[in-house]
């Protein structure tokens, strides 16, 4: 039985979010909220409003809806399903070490809404709140946007609980080990390819100049994972995916590398996305399906996608270790 007099700590896992359904209307509503966030698109607001409403929202939702339909499950969006499963596993550890952990999850965009989950913690009288964004590498476009909402919500609270915000865990030992364990398990089951590609979500290169540490944290994650796996420099490569628009983004671009590798004699690759805690549209449709087609059409022979940590026991251990560092 949990000691109800114990210190009550609310732990909130926060992920990006997903449309309510893969229908075009729901996708449009989601994209309007997501792309309307000033943290996500760093353009002057009047200019971006015109681009978003005249050129993006009238056309992109239909294409995105088709992509969502290709990966949607009976339970719903993979991102939300896996996040909720991970949360459910963590809930089994409530009350460990005399602390009454109230564990829940929220989405930055869409449902379940971040503000609502924070308000639920308030109603339950939590003494402390731990915000754990499920982004291993910090970026102003993702992690900082979550903090914005938390800060805005707290403005109206009379009684402020203690707040712990975990801004990143890109080099945390248990996270690196969990990734390495996932890769080793894949190799044991399928064999090791000639090259391991570590593909991270891309961002405009300008953000690095402005002080965003994301690029350097991705490099650190890649180096530590390669060391843990005992790979030399010829056995792994770091790339960036999901370029959008005409501006220069972080390089090298995943698609271009996949097109070039067969001409360099590398025709067998494994791909992992260490910047994603759980699988989502970007990993399941873009990386696992579309980019595989790019590689095979360029002359590649075998292409294997290594899933995210999702709700694995190793991932639960990572979350527990992170929580323990702040309370």
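In this note's numbering, the protein residues as written are 97 to 423.
Glycine included, every Cβ here is placed at the ideal spot set by N, Cα and C.
Given that a residue counts as buried once 16 or more other Cβ atoms are within 10 Å of its Cβ, and exposed if not, what is residue i?
i	result
residue 226	buried
residue 169	exposed
residue 196	buried
residue 339	buried
residue 343	exposed
residue 332	buried
residue 235	buried
residue 188	exposed
residue 396	buried
residue 307	exposed
residue 370	buried
residue 115	buried
residue 111	buried
Roughly how many angstroms lie between the CA atoms of residue i and residue j, to the nearest whole one?
i	j	result
residue 98	residue 298	Since pLDDT at residue 98 reaches only 43, below the 50 mark, its modelled position is unreliable, and no value is offered.
residue 381	residue 402	13 Å
residue 200	residue 157	30 Å
residue 81	residue 109	Coverage of the chain is limited to positions 97 through 423, which leaves residue 81 absent and any answer about it impossible.
residue 318	residue 254	43 Å
residue 153	residue 121	10 Å
residue 128	residue 242	17 Å
residue 140	residue 275	38 Å
residue 387	residue 375	15 Å
residue 106	residue 421	15 Å
residue 151	residue 184	40 Å
residue 80	residue 293	The chain is shown only over 97 to 423; residue 80 falls outside these bounds and no answer can be derived.
residue 177	residue 118	14 Å
residue 259	residue 247	10 Å
Residues in the same chain with beta-carbon distance under 7 Å from residue i, minus the five sequence neighbours each way, listed in chain order, please.
i	result
residue 398	289, 364
residue 271	232, 265, 414
residue 250	256
residue 345	298, 299, 300, 301, 336, 339
residue 174	167, 375, 376, 380
Is residue i helix, strand or coil when you go by DSSP?
i	result
residue 415	helix
residue 260	strand
residue 184	helix
residue 409	helix
residue 403	coil
residue 486	Here the chain covers residues 97 to 423 and nothing more, so residue 486 does not appear.
residue 423	coil
residue 231	coil
residue 237	coil
residue 315	helix
residue 131	helix
residue 224	strand
residue 295	strand
residue 77	Nothing in the structure corresponds to residue 77, since the chain is present only between 97 and 423.
residue 289	coil
My assumption, with CB atoms under 8 Å, is that residue i sits in contact with residue j. Please give the rounded CB distance.
i	j	result
residue 418	residue 228	6 Å
residue 163	residue 354	About 18 Å; that fails the 8 Å criterion.
residue 407	residue 181	4 Å
residue 186	residue 267	Not confirmed; about 22 Å, so no contact.
residue 335	residue 348	5 Å
residue 104	residue 223	5 Å
Given residue i, which residues of its chain have a CB within under 8 Å of its CB, disregarding the five upstream and five downstream residues?
i	result
residue 239	229, 231, 263, 264
residue 356	394
residue 352	none
residue 245	204, 210, 211
Under 6 Å Cβ to Cβ from residue i, same chain only, skipping five residues before and after it: list those, please.
i	result
residue 100	Any reading at residue 100 needs caution, since the residue's pLDDT is 48, under 50, leaving its predicted position unreliable; the model's value is listed next. Same-chain partners within the cutoff: there are none.
residue 130	205
residue 372	379, 404
Cβ of residue i versus every heavy atom of the ligand SAH: is any distance shorter than 8 Å?
i	result
residue 248	This structure lacks the ligand SAH, and indeed carries no ligand of any kind.
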